[in-house]
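In UniProt numbering, the protein residues as written are 1 to 658.
Yeah, the Cβ is synthetic: ideal placement off N, Cα and C, and Gly gets one too.
Here is the structure:
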């Protein structure tokens, strides 16, 4: 599976992928009449002769053929033995491996929908992930080619899009906003100067997906009513086809939908395929109407091919197998039922797979396949030539004016990036989207802010105006432990939000929608106002605990004599004794030095030149080193009052406040 096509595609070819869909003519001057075009404007306003058929305008396509040969994928089973060579039962690593795909071959062509079917655990999603280069290539054997050229991961990310099984969308954004943000991420820089072009492209895509009535409705979630399940699934498809991918992978796009919604989703996919894309999807059990929209079927059972061919050949296949399908019945349902029955037997589907191999070689089966899907002609163009000509093939959605061929030549000579937009554009779009989500969920900020303020008032009331006596010092230890812990606990409020966005982030970055660094910085910018306001309010309430001098909060040098017979001596005598102790111990501390916390203790432990940023790191590290530091001899020697671990923690806090 080592990709070798990366060196074959120069900068011009890759940049043409970025400008694909915005150029009316290829640089070679080839006319666009050879290409498939979905002209949504003509569909809405009428044809050139004045008729309004409401149908797609289709022209002969420049074929892309995605072929895969002998794909085999296996994973190592977990073993209770630590012996990597042999387990307790003497089996080798080769025996203790699960084969998820075993010699899968086939091809998917532009303008067609290839559906991968099979019972649960058959390997449908694994095959889609293997074709989309979403699994480790070291464990995958076989070849995946496009027009005969091997695909590397970088080129495949530009050529393809992947729609996950789950609808990973922001619930508080509307349908139009969701598609618009996707357009700003994925559309090339040639459109970045015109907001109207992107907006027109989004509006045309909304019409194509049949989402005009729900364009201004939020996506919704469990607590907010939004679009229906079928509309949500079409939005998920729309955000991945906004940039007009050549290859579209979908993992069970009809899962969880009713029959009507599932049919509408597959009909949209048929329009996408007819506009010049290769569509490969997995589906569990298609209805009879959906079956009529599919062009190729690939049945799997335990990672092996059971049937590969057009839907029209499926009744003939099972008829020759001795399992005729009654007329009027859905052949896929009966086929899946038969596969499940064989899976439950001792012999399994081995005989069915052997029959499938022999049946594929029969002249009659090849003739039926050719009559159903057309002859298996090979594309006359190489992948590089096909990509160059696909720039001029038209657009998946219309509504934008095309540029000239001269502009295309200029764009084709510029340096290409793996991302459609520069870093600062991504940061700006991500920040705007983040603030939009935050403003539409004000209850989250109100709860977090209220919890901080109430906690601060309670702490300020309990520990009000502590004095400098030994008792006051010990109480301050408790105060700081609770105060610091409260801030850490309130920071955990962002965890549920991050868990929701995590999978959206993974989906969007999987195909280079934006950089990870821009996402991280945008999150910091979005969280700063809410977090900063809560922290400032918390600090304002806590400030009264320290009076006029917040630095006077810990035990000082002369206070070490409190509670001892020397505590009855005059203060001057105590200072003299303290200075004598400092000289004899060769430690520089005096009557104002902090004995139990602060920089003096750090200096005594040979920790020098520790700035405040280093102190912040030490505060975080304390949480991981709590147990070990509490039993450390140096910490025990440094602690004089209160718990050893508490005082070890407080001297980091003292540094931050000093």
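- [ ] Within 10 angstroms of the Cβ of residue 568, are there 16 or more other Cβ atoms? Answer buried if so, exposed if not.
- [x] Within the chain shown, numbered from 1, the residue matching residue 568 stands at position 568. So residue 568 counts as exposed.
- [ ] Would you identify the three-state DSSP class for residue 488, choosing helix, strand or coil?
- [x] The residue labelled residue 488 in the question sits at position 488 within the chain shown. The three-state secondary structure of residue 488, taken from DSSP, is helix.
Task: Cβ shell of residue 126 (< 7 Å), same chain only, five flanking positions each side left out - done: The residue labelled residue 126 in the question sits at position 126 within the chain shown. Excluding residues within five positions, the ones whose Cβ falls inside 7 Å are 73, 100 and 101.
Open item on the list: My output table needs one value for residue 538: the three-state DSSP class, helix, strand or coil.
Closed with: Numbered from 1 along the chain shown, position 538 holds the residue referred to as residue 538. Three-state result, residue 538: helix.
- [ ] Name the two residues that bound the continuous alpha helix (DSSP H) containing residue 431.
- [x] Along the chain shown, one-based indexing puts residue 431 at 431. For residue 431, the enclosing alpha helix (DSSP H) covers residues 423 to 439.
Task: Given 8 Å, three or more beta-carbon pairs between the region 296 to 313 and the region 128 to 136 - done: The region 128 to 136 and the region 296 to 313 do not touch, with fewer than three beta-carbon pairs separated by less than 8 Å.
- [ ] Note down, in chain order, each residue of its chain lying with its Cβ closer than 7 Å to the Cβ of residue 500, except the 5 sequence neighbours on either side.
- [x] By 1-based counting over the chain shown, the position of residue 500 is 500. Result list for residue 500: empty, nothing under 7 Å.
TODO: Would you identify the three-state DSSP class for residue 110, choosing helix, strand or coil?
DONE: Position 110 of the chain shown, counting from 1, holds the residue named residue 110. In the structure shown, residue 110 sits in coil (DSSP, three-state: anything other than H, G, I, E or B).
Open item on the list: Applying the 10 Å Cβ sphere with the 16-neighbour rule, what's the burial state of residue 354?
Closed with: Locating residue 354 in the chain shown gives position 354, counting from the first residue. Its Cβ having fewer than 16 others within 10 Å, residue 354 is exposed.
Open item on the list: Can you look up residue 503 in the DSSP assignment and give me helix, strand or coil?
Closed with: If you number the chain shown from 1, residue 503 lands on position 503. Helix.
TODO: For the alpha helix (DSSP H) containing residue 340, list its first residue and its last residue.
DONE: Reading the chain shown from its first residue, position 340 is the one you call residue 340. Its alpha helix (DSSP H) spans residues 331 to 343.
Open item on the list: Could you check whether the Cβ of residue 339 sits closer than 7 Å to any heavy atom belonging to the ligand SAM?
Closed with: Summarising the ligand content, the structure contains no ligands, and the ligand SAM is consequently not present.
Task: Rounded C-alpha distance that separates residue 472 from residue 462 - done: Counting from 1 along the chain shown, the entry for residue 472 is found at position 472. Counting from 1 along the chain shown, the entry for residue 462 is found at position 462. Rounded to the nearest angstrom, the two C-alpha atoms are 12 Å apart.
TODO: Under the assumption that residue 179 contacts residue 158 (Cβ atoms under 8 Å), give the Cβ distance between them as a whole number of angstroms.
DONE: Taking the chain shown and counting its residues from 1, the one referred to as residue 179 is at position 179. Taking the chain shown and counting its residues from 1, the one referred to as residue 158 is at position 158. The beta-carbon separation of residue 179 and residue 158, rounded to 20 Å, does not stay under the 8 Å limit for a contact.
- [ ] Inspect the beta-carbon positions of residue 122 and residue 302 and report whether they are closer than 8 Å.
- [x] Stepping through the chain shown from its first residue, residue 122 is reached at position 122. Stepping through the chain shown from its first residue, residue 302 is reached at position 302. Yes, they are a contact pair.
- [ ] Between the Cα of residue 174 and those of 231, 251, 352 and 255, spot the shortest distance and give me the residue it belongs to.
- [x] One-based indexing of the chain shown puts residue 174 at position 174. Ranked by Cα distance from residue 174, the options 231, 251, 352 and 255 are led by 231.
Open item on the list: By the DSSP assignment, the alpha helix (DSSP H) with residue 318 in it spans what residues?
Closed with: Residue mapping note: residue 318 aligns to position 318 of the chain shown, counting from 1. Taken as a continuous stretch (DSSP letters only), the alpha helix (DSSP H) holding residue 318 covers 314 to 321.
Task: Inter-residue Cα distance where the pair is residue 147 and residue 234 - done: As a position in the chain shown, residue 147 is number 147, starting the count at 1. As a position in the chain shown, residue 234 is number 234, starting the count at 1. If I take the Cα positions, the gap works out to 29 Å.
TODO: Just grab the DSSP bridge partners of residue 304 for me.
DONE: Within the chain shown, numbered from 1, the residue matching residue 304 stands at position 304. In the DSSP assignment, residue 304 is bridged to 301.
Open item on the list: Please report the distance separating the alpha-carbon of residue 331 from that of residue 263.
Closed with: Residue numbering aside, residue 331 sits at position 331 when the chain shown is read from its first letter. Residue numbering aside, residue 263 sits at position 263 when the chain shown is read from its first letter. In this structure, the straight-line span from the alpha carbon of residue 331 to that of residue 263 is close to 17 Å.
Open item on the list: Can you give me the C-alpha to C-alpha distance between residue 55 and residue 437, rounded to a whole angstrom?
Closed with: As a first step, residue 55 is located in the chain shown; it is residue number 55 there, counting from the start. As a first step, residue 437 is located in the chain shown; it is residue number 437 there, counting from the start. Low confidence applies here, because residue 55 scores a pLDDT of 41, under 50, leaving its location unreliable and the question unanswered by this model.
- [ ] Could you have a look at residue 103 and say whether DSSP puts it in helix, strand or coil?
- [x] Numbered from its first residue, the chain shown carries residue 103 at position 103. If DSSP states are grouped into helix, strand and coil, residue 103 belongs with the strands.
Open item on the list: Quick test of your reading: residue 242 and residue 187, contact by CB under 8 Å. State the CB separation rounded to the nearest angstrom.
Closed with: Sequence index remark: in the chain shown, residue 242 carries index 242 (1-based). Sequence index remark: in the chain shown, residue 187 carries index 187 (1-based). Sure, about 7 Å apart at Cβ, within 8 Å.
Task: Element boundaries [alpha helix (DSSP H), containing residue 73] - done: Reading the chain shown from its first residue, position 73 is the one you call residue 73. Careful: residue 73 lies outside any alpha helix (DSSP H), inside the beta strand (DSSP E) at 65 to 76.
Open item on the list: Measuring only the C-alpha atoms, how far is residue 432 from residue 198?
Closed with: Sequence index remark: in the chain shown, residue 432 carries index 432 (1-based). Sequence index remark: in the chain shown, residue 198 carries index 198 (1-based). Pairing residue 432 with residue 198, the inter-Cα distance amounts to about 17 Å.
Open item on the list: Using 8 Å as the threshold, is the C-beta distance between residue 160 and residue 249 below it?
Closed with: Position 160 of the chain shown holds residue 160. Position 249 of the chain shown holds residue 249. For residue 160 and residue 249, yes; Cβs fall inside 8 Å.
- [ ] Just the C-alpha distance for residue 183 and residue 283, rounded to the nearest angstrom, thanks.
- [x] Taking the chain shown and counting its residues from 1, one reaches residue 183 at position 183. Taking the chain shown and counting its residues from 1, one reaches residue 283 at position 283. One C-alpha to the other measures close to 28 Å.
- [ ] Kindly list the residues whose CB is nearer than 6 Å to the CB of residue 351, restricted to its own chain and excluding five residues on each side of it in sequence; keep chain order.
- [x] For the purposes of this step, residue 351 is taken as the residue at position 351 of the chain shown. Answer for residue 351: no residue qualifies.
TODO: Report all residues from its chain with a CB closer than 6 Å to the CB of residue 503; omit the five preceding and five following residues, and keep chain order.
DONE: Along the chain shown, one-based indexing puts residue 503 at 503. Within the same chain, Cβ atoms closer than 6 Å to the Cβ of residue 503 are found at 168, the five residues on either side in sequence being excluded.
Open item on the list: Quick check on DSSP: helix, strand or coil for residue 162?
Closed with: The residue you call residue 162 lines up with position 162 of the chain shown. In this structure, DSSP gives residue 162 an extended state, which the three-state scheme calls strand.
Open item on the list: Check this for me: beta carbons of residue 108 and residue 278, under 8 Å apart or not?
Closed with: The residue you call residue 108 lines up with position 108 of the chain shown. The residue you call residue 278 lines up with position 278 of the chain shown. A contact, by the Cβ cut-off of 8 Å.
Task: Under the three-state DSSP convention, the category residue 675 falls into - done: The chain is shown only over 1 to 658; residue 675 falls outside these bounds and no answer can be derived.
Task: Length of the line joining the Cα atoms of residue 224 and residue 442 - done: Locating residue 224 in the chain shown gives position 224, where the first residue counts as 1. Locating residue 442 in the chain shown gives position 442, where the first residue counts as 1. Note on geometry: alpha-carbon atoms of residue 224 and residue 442 lie some 14 Å from one another.
Open item on the list: Please list the terminal residues of the continuous beta strand (DSSP E) segment that includes residue 144.
Closed with: On the chain shown, residue 144 is found 144 positions in, with the first residue counted as 1. Residues 140 to 146.
Open item on the list: Could you tell me the alpha carbon to alpha carbon distance between residue 144 and residue 426, rounded to whole angstroms?
Closed with: Here residue 144 refers to the residue found at position 144 when the chain shown is read from its first residue. Here residue 426 refers to the residue found at position 426 when the chain shown is read from its first residue. Approximately 32 Å between the Cα atoms of the pair.
Open item on the list: Only counting the same chain, and skipping five residues up and downstream in sequence, which positions put a Cβ closer than 7 Å to that of residue 505?
Closed with: For the purposes of this step, residue 505 is taken as residue 505 along the chain shown, with counting starting at 1. 519, listed in sequence order.
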